[in-house]
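Protein chains in written order, with our numbering: chain W, -9 to 470; chain P, -9 to 470; chain Z, -9 to 470; chain V, -9 to 470. The C-beta atom is built at its ideal place from N, Cα and C for all residues, glycine as well. Here the structure is a predicted model, which means the values were calculated and not measured. A quick write-up on the structure given underneath.
Number of protein chains: 4
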Amino acid sequence: MRIETAAQYIESLRALKPKIFYKGERIEDVTGHPATAPHVRAAAMTYALAGDPEARDLATATSHLTGRTVSRFTHIHQDVGDLIKKVKLLRVLGQKTGTCFQRCVGLDGLNATYSVTYEMDRKHGTEYHERFTRWLIHLQDENVMVTGAMTDPKGDRSKGPADQADPDQYVHVVERRPEGIVIRGAKVHQTGAVNSHEILVMPTAAMDERSGEYAVICAVPADAPGVTMIFGRQANDDRRDKRERIDAGKPSFGAVGGEAVIVFEDVFVPSERVFMDGQTDFTGLLVARFANHHRANYGGCKTGLIDVLTGAVTYLSQIQGTAKASHVRDKVTEMIHLSETLYSSSIACAAEGKPTPSGAYLVDALLANVCKHNVTRFHFEVARIALDLAGGFLATLPSQYDLRHEEIGPLVKKYFTGVAGFPAEDRIRIGRLIEAMTGGTALVESMHGAGSPQAQRVMILREGGLERKIKLAKVLAGIA
Amino acid sequence: MRIETAAQYIESLRALKPKIFYKGERIEDVTGHPATAPHVRAAAMTYALAGDPEARDLATATSHLTGRTVSRFTHIHQDVGDLIKKVKLLRVLGQKTGTCFQRCVGLDGLNATYSVTYEMDRKHGTEYHERFTRWLIHLQDENVMVTGAMTDPKGDRSKGPADQADPDQYVHVVERRPEGIVIRGAKVHQTGAVNSHEILVMPTAAMDERSGEYAVICAVPADAPGVTMIFGRQANDDRRDKRERIDAGKPSFGAVGGEAVIVFEDVFVPSERVFMDGQTDFTGLLVARFANHHRANYGGCKTGLIDVLTGAVTYLSQIQGTAKASHVRDKVTEMIHLSETLYSSSIACAAEGKPTPSGAYLVDALLANVCKHNVTRFHFEVARIALDLAGGFLATLPSQYDLRHEEIGPLVKKYFTGVAGFPAEDRIRIGRLIEAMTGGTALVESMHGAGSPQAQRVMILREGGLERKIKLAKVLAGIA
Amino acid sequence: MRIETAAQYIESLRALKPKIFYKGERIEDVTGHPATAPHVRAAAMTYALAGDPEARDLATATSHLTGRTVSRFTHIHQDVGDLIKKVKLLRVLGQKTGTCFQRCVGLDGLNATYSVTYEMDRKHGTEYHERFTRWLIHLQDENVMVTGAMTDPKGDRSKGPADQADPDQYVHVVERRPEGIVIRGAKVHQTGAVNSHEILVMPTAAMDERSGEYAVICAVPADAPGVTMIFGRQANDDRRDKRERIDAGKPSFGAVGGEAVIVFEDVFVPSERVFMDGQTDFTGLLVARFANHHRANYGGCKTGLIDVLTGAVTYLSQIQGTAKASHVRDKVTEMIHLSETLYSSSIACAAEGKPTPSGAYLVDALLANVCKHNVTRFHFEVARIALDLAGGFLATLPSQYDLRHEEIGPLVKKYFTGVAGFPAEDRIRIGRLIEAMTGGTALVESMHGAGSPQAQRVMILREGGLERKIKLAKVLAGIA
Amino acid sequence: MRIETAAQYIESLRALKPKIFYKGERIEDVTGHPATAPHVRAAAMTYALAGDPEARDLATATSHLTGRTVSRFTHIHQDVGDLIKKVKLLRVLGQKTGTCFQRCVGLDGLNATYSVTYEMDRKHGTEYHERFTRWLIHLQDENVMVTGAMTDPKGDRSKGPADQADPDQYVHVVERRPEGIVIRGAKVHQTGAVNSHEILVMPTAAMDERSGEYAVICAVPADAPGVTMIFGRQANDDRRDKRERIDAGKPSFGAVGGEAVIVFEDVFVPSERVFMDGQTDFTGLLVARFANHHRANYGGCKTGLIDVLTGAVTYLSQIQGTAKASHVRDKVTEMIHLSETLYSSSIACAAEGKPTPSGAYLVDALLANVCKHNVTRFHFEVARIALDLAGGFLATLPSQYDLRHEEIGPLVKKYFTGVAGFPAEDRIRIGRLIEAMTGGTALVESMHGAGSPQAQRVMILREGGLERKIKLAKVLAGIA
């Protein structure tokens, strides 16, 4: 049954029975458990926007496969306009949730797999593209949520998959049967895994010929037998788990994407869900396409988050009576400047997008990497400025229990009041929001999500066109 | 007679007789004088590209006024595609000249005046737009070069035009006659002035009602009576003036745009060339439109320059035997990263362009300011890295006279040879190119051209949408 | 009874009965409560080092008042050597605790009050210096811990103390009696307050003549009637409170200094403990002296912390197999470079120290402010690099309950193993240590402790000697 | 005859006859030639200060060899006080010359050679130290100027001395005679070479056993037979050569140290002037000692230069009417902050200095490298800020010939006048001073003088004490 609304999405998750652990215990219902519910709500926003007249143009698209209106999160980009709308959609969602809404990783996996299977079939005479398209139409029509599972644990990083002491450090095919394959291994840092319906398994790096068993793309239901998820800790997760609505900073939403480790213990995947099996020569292309799409996103969603943060410190400076100080205005300016610099590369790599042989559009690789790379710098700098503007009380603020306490509550209110007319509780709530958006997990995600900084540098150098630039220099220097 | 080629452009300049001083003497022929010829050659490239099959799509456009093919440097942008092509054209020109080719300032003045006169007429019932359009068609058909003259000397910057001790610190109307006006004052830092056919005078800032005489837009031939230009000094200009082709770094082209002071000593301007006279309420809009267009350009042309510089240091590192060192590769990566970050905002502000009431397209104001603001930081950082990679010999290299000297020439060659197979002269030429592109004038231009850094910060804060961002934060913090 | 050892210090705290709230409840024993015990342990290290033969030279000094050996944390600096030893002591303590050990704020308060009361008496004929010296000898002989209480809540920051809607936004004298004074107000962000024996109250800013009641320095026992403390929340404080030794990151020590709000509700202070009362003309000097000493410290203690962090990421890169990658080595180099830059200013402002009229040595004001200002930048940058090197697992790591779980524990260990030979638990523990030292509270403290960044900029400009620099420039430019 | 005054120094140079080329011609008298005279004047300031009562304590010292008063530039540092006074002397000289005064390179060579020959003799039983001491006493008594010649051309930098195609790419012994040695090769970037009396040749890098002929330290008179110098070009050197006192920016002094290539074509050196010959095992130590001393200097002299630059932009902002703008004040603050950060490391590495076995004091290696490394960043940033504050007129200013021109001179003055009361010429002179101190050669010197940035990073990592830091982290993480 097609999921049309946020409520239907939440309802649909209750029907699944994935095996999820958190702090040593099973989570039975991700929609109700305080650790996962905020992430469910953020993902639900992607469904809700499709029904919002103001956002519908961004949140939905017309399937090139069926002509039907589908969620943009299941859509294959057909032109530059699609690429740009995606960026704008991500920014709006960042503004409305203040966090990761998780569905772009699946979207990017779908787009990468769509275009790569097309080219793989043309070279190898395989039928992956058709298989994949059938599955994709199902996703579009049912509007299910897919997590793109790429990052393997990697063990000793100075060695490749085939040279690890433990062969399971990268997901691999351990058995091939007539009707399908059996896979083993794990994927770490899996955003949205615990509240997705489907897992799209992809290789994590370019593989050489010795690593055929590691070259696998396939789709696995989130509650398939043999799949176990372990939900990770986040900064201040206990406040969330104890439903401390004020101290958690964001009463409704979480810190990041609700990442989990997904372990595959000999999971069977039927053939119609296998989209690559052994074609090592296409692993590099698949990873690059996925990475380019995914890196392009960060100038969308993170600028949405920074919009929130900029608003928060501005409001706080009004409460504290510092809004008109020239250095405060200058720092707010810098926050805007940095966030729009990030946004620029997202828009630019979309505007410079080009079609792949399959017709699916791909962002400009160089600019997409530049985009993500700046996120690994500027999100930290923005956070640093926000903490400067907010003031030291972020580190020493009494708890909400003290605020509500009969004896000391009045003292807390008295001494955390700023400019007359602003409630002390506004100041505290905004302070907690800033705290939640500037520390720990949220920034680690900006650093490593969609690839660590060095991964982008490798791509930037590769795409930099140095040979041509040497020629330009020689001409201008008068060297024959 | 329409200018079709670089040679025709140069020829056309010989027919003009502007009054130009340089180092205390008159320049009689800008096309032959060593101080100005390099700048003529750079501007000539804008004509040459229109005839280059590979570049024609970027370098020309179809006039919306006449339907005829015109230089893009005289074109009114009709859609996002025009805005993006302009950026790409600027990058190509930067790559081919390694310097400023000067024509964008006129282009931006034309586009700003076109859209603002349209709105001015609608409000005030004036006829400036029609006048301007007639002049514009003439420019398009003849393909003449226009310099956009905006920056006044400003005197005491803590005071506005009307409060200066010397009223001429801003260009103003000193007399109104039936057939036209008489203006007095000066414009400083005028790029391409000495090799332009026309000067488009514009106000430099938003004016208040007390400054009606300063609210003037008009067109003045470069050699009109009363116009005097003083050509400024640049870094190492003597090398250029003495035609030291190696030591000048760029044998054919100059350091920047060949800036001059233009002095207007009671210059008469006939009415059909006057496009604003007293409408102070539109001065702010005119300046903002011009500035936005102009700031958008810097991520185009400067990335072209950085492409050259990146190629130069890469080639030099090959000559010196350091190309494979990890820190060298990392620094080259950083140069590419920073330049593409600049480029991103140029592309993004174009992709986000919107039509003005006149139909002329305008770039996104926020992103255009972000673009230029990053140039004021990253061009310096790129230069710093280039100097790091090039090595200390840039500061201590013997002259080309030593290189050619019978006795010590062999010593220079012996001790400036790097990896076998690369001529020592290549190393020296590339070193001089890097020297020319990293020091002094070239960087000052990046800092202050199209507005000093603080001007962009004012705009970024103004366009930052803080009120809306405060609302986003309050919603997420649970504040009603 | 004199406190000689860490154990005696802890024992002495049990004898006090301060009124402390945390999360809405009273803390009865700070030495046993999980929220405060880590901070007690950090402060106890200052006592322990005095008994460590390797550290004794740094940790103790000879009192210029009594000739007896005293803790350096109660010592008045007598020469440059004292100032330098203090910095080195702070670095060692930072290395051993990885956090704030709290006693320097009292030390700086003592030194500032000592020198300022001397000058105040000379001008006003008061007897504060002698009173203070008596109290100080008591502190030295008993070796009690003092918290320096300076920062007031400040209410509306665009207004001074006398113009607040609520006069209690700054601590002030509400009643003067023959035998003493009564004070009201609060001090926020009070490091080490809950485990100190004494509170040294000082004004928070230069006061004008209208603010005489706010110009007060006095000493208050931590458990004096009318004193209430509210212990603030810190990042991940629940992990600490639940004694999750692995997930807390530092099994023995806390995140920062254990800051609290101290509320004074009409607290009586006998005259012999009052060291300023109404001398507004010395408030600015007192604040500056305290600030200079305190800002000088940050290049000591924080470099100690960064030493730990640098070791942590280096070890982690060995575990993960990335230690030899050139970009990893380069980033570790950068961490060292930045931390030693911080250290430099601490050493330099000590080496450039000068005596005050009292004989007490004062650090160089300009360099001390430069020191702290760099901390507000570089500690963040160091944290950013550490998070880069650590990898994304910091944000997604399962809890220690999962690690110890019978069913999934083996999966956690399997998939978090790196290079053979390193226990997975080492990787997890080091990851948690890095997490604890890079996010949230720890960085806020670096930003705002000892004054927010703008406070340093004001001082740097004031101390910058611009008039003399203008003269230097004019001479070189040949201007008469 | 002992040189006591600046005039005597200049006189003494006229007695020398070194073979110097510049722009293809011989320079016969360095004291009168416009290319070299400014550098002579800067070096002369080191002599003049010794006679200045205010500076004498910094500029002179008591020789530990003879007990006589000597120039600090010939002194072997005997304690921390000496090291600190050296830094202060360098800052004063930087303030008074605005450029490099060249004598520290010889000073550092002397100190390095002094301590290393001592240790070399102890290990190898050689007599270099005594020889060297004799020569040193001569230097001290006569107060002659010595240039320290270290940097070889290096040819293909991916290869060592013994593997170059041309063996002369590093200075080496080509013949050993009973009475001395014969050397061949070149030293590049030699500061102060053309106006020194003596050249102290030192190896440029640690050598292995295959490179015995390259392990040579010796002293060569500047006008010894076979020595040829080629004086390098600098930014805007033609202005200086044409004695354009205004446009050159600094009427009396040069851009940098007046660097030259020194070529040794089979130069004979008598044995008593040879201080190392073949002891490859001490080359690394010599280079490190020299580098540490030399890197320590940059936080002295460069902060002197930045003091001038800070004064210049401050004065210019007063002339232009922008001195009170908050962003101007903030940028001036940043200039001060960065320069004092540089100064901190110079002072700190001196304060942390330790004696070598010879008794000569050596700065702290880690902090000295940190010092120089920051110079390679902050001097550029300071220059960038200065250019921001100065405004675009630096790149477009008419020449001094225009200023003095009968017809257009009045126009130049009219339109370059700022706030009433400040002469236009002041503005122009200060503008030219800023131009001279921010572009090209001056910054290249900061980057590469005393070793390029990567050289410092190698040392910083080596000196960083990682093993100990790993232990600290493990203890805190609870790892046994």
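If you draw a straight line from the alpha carbon of residue 223/P to that of residue 384/V, how long is it in whole angstroms? Each residue's CA atom was taken as its position, placing residue 223/P and residue 384/V some 9 Å apart.
Mind listing the chain P neighbours of residue 4/W? Cutoff is C-beta to C-beta under 9 Å, in chain order. Within chain P, not a single residue places a beta-carbon under 9 Å from that of residue 4/W; the smallest gap is close to 26 Å.
Thinking just about the alpha-carbon of each residue, which of 274/Z, 125/Z, 294/Z, 238/Z is nearest to the one in residue 106/Z? Between residue 106/Z and the set 274/Z, 125/Z, 294/Z, 238/Z, the nearest pair of CA atoms involves 274/Z.
Residue-chain proximity (residue 11/V, chain P), Cβ-Cβ < 9 Å: Closer than 9 Å: yes.
Cβ of residue 375/Z less than 9 Å from any chain V Cβ? Nearest CB-CB separation between residue 375/Z and chain V: not below the 9 Å threshold.
Where residue 1/V and residue 320/W are concerned, what is the direct C-alpha to C-alpha distance, given to the nearest angstrom? Using only the alpha carbons, I get a separation of about 56 Å.
Run through the region 85 to 123 of chain P for me and flag every whole beta strand (DSSP E) of 3 or more residues, listed as ranges in chain order. Within the region 85 to 123 of chain P, there are no complete beta strand (DSSP E) runs of at least 3 residues.
Since residue 442/W and residue 369/W should fall inside the 8 Å C-beta cutoff, what is the C-beta to C-beta distance between them, to a whole number of angstroms? With 8 Å as the limit, residue 442/W and residue 369/W do not qualify as a contact, their Cβ atoms being about 14 Å apart.
Taking Cβ to Cβ, would you say residue -2/P is nearer than 9 Å to residue 237/P? 9 Å or more divides the Cβ of residue -2/P from the Cβ of residue 237/P.
Looking at the secondary structure, which residues open and close the alpha helix (DSSP H) in which residue 293/P lies? Taken as a continuous stretch (DSSP letters only), the alpha helix (DSSP H) holding residue 293/P covers 273 to 310.
Run through DSSP, which three-state label would residue 383/P get? Residue state for residue 383/P is assigned as helix, using DSSP reduced to three classes.
How long is the line joining the alpha carbons of residue 209/Z and residue 460/V, rounded to whole angstroms? Residue 209/Z and residue 460/V have their C-alpha atoms spaced approximately 42 Å apart.
By the criterion of Cβ-Cβ separation under 8 Å, what are the contact partners of residue 298/V in chain Z? What residue 298/V touches in chain Z: 459, 462, 463, 466.
Taking the beta carbon of residue 22/Z as the centre, do at least 16 other beta carbons fall within 10 Å, making it buried, or is it exposed? Exposed.
Is residue 32/Z closer than 9 Å to residue 89/Z when the C-beta atoms are compared? Annotated as proximal: residue 89/Z and residue 32/Z, with beta-carbon spacing under 9 Å.
If you count every other CB in all the chains shown that lies within 10 Å of the CB of residue 314/W, and 16 or more means buried, which is it? By the 16-neighbour rule on beta-carbons within 10 angstroms, residue 314/W is exposed.
Using 8 Å as the cut-off, can you tell me whether the region 35 to 50 of chain P makes contact with the region 75 to 87 of chain P, which would need three or more C-beta pairs spanning the two stretches below that distance? The region 35 to 50 of chain P is in contact with the region 75 to 87 of chain P.
For a contact meaning CB atoms closer than 9 Å, what does residue 309/V contact in chain Z? Within chain Z, no residue comes near residue 309/V; the closest Cβ sits about 11 Å away, beyond 9 Å.
Within the continuous alpha helix (DSSP H) that includes residue 434/W, where are the two ends? Counting along the chain, residue 434/W sits inside the alpha helix (DSSP H) bounded by residues 431 to 438.
Are the region 225 to 234 of chain Z and the region 146 to 159 of chain Z touching by the rule of at least three beta carbon pairs closer than 8 Å? Touching, no.
Against chain W, does residue 507/Z count as a neighbour if the rule is that its beta carbon must be under 9 Å from one of theirs? The first residue shown for chain Z is -9 and the last is 470, placing residue 507/Z beyond what the model contains.
Quick one: grab the DSSP three-state call for residue 345/Z. The answer is strand: DSSP assigns residue 345/Z an E or B state.
Members of the region 250 to 271 of chain Z near chain W, C-beta cut-off 9 Å: For the region 250 to 271 of chain Z, the residues whose beta carbon sits under 9 Å from a beta carbon of chain W are, in order, 250, 251, 253, 255.
Of the residues 414/V, 258/V, 417/V, 181/V, which one's Cα is nearest the Cα of residue 438/V? Per the C-alpha coordinates, the member of 414/V, 258/V, 417/V, 181/V positioned closest to residue 438/V is 181/V.
Any beta carbon from chain P within less than 9 Å of residue 333/W's own beta carbon? For residue 333/W, the answer is yes, since a Cβ of chain P falls inside 9 Å of its Cβ.
7 Å Cβ cut-off: residues of chain W touching residue 85/Z: By Cβ distance, chain W contributes nothing, its closest Cβ being about 22 Å from residue 85/Z, past 7 Å.
For the pair the region 332 to 351 of chain P and the region 94 to 108 of chain P, tell me if three or more CB-CB distances fall below 8 Å. Contact between the region 332 to 351 of chain P and the region 94 to 108 of chain P is present: three or more C-beta pairs spanning the two stretches fall below 8 Å.
Report yes or no: is there a C-beta of chain P within less than 9 Å of the C-beta of residue 330/W? Interface residue, yes.
Taking just the CA atoms, how far does residue 98/P sit from residue 267/P? Residue 267/P and residue 98/P: Cα-Cα distance of roughly 20 Å.
DSSP three-state assignment for residue 55/P, whether helix, strand or coil: Residue 55/P falls in the coil class under three-state DSSP.
Taking 9 Å as the CB-CB limit, is residue 320/P close to chain Z? Contact of residue 320/P with chain Z is assigned, a C-beta pair being separated by under 9 Å.
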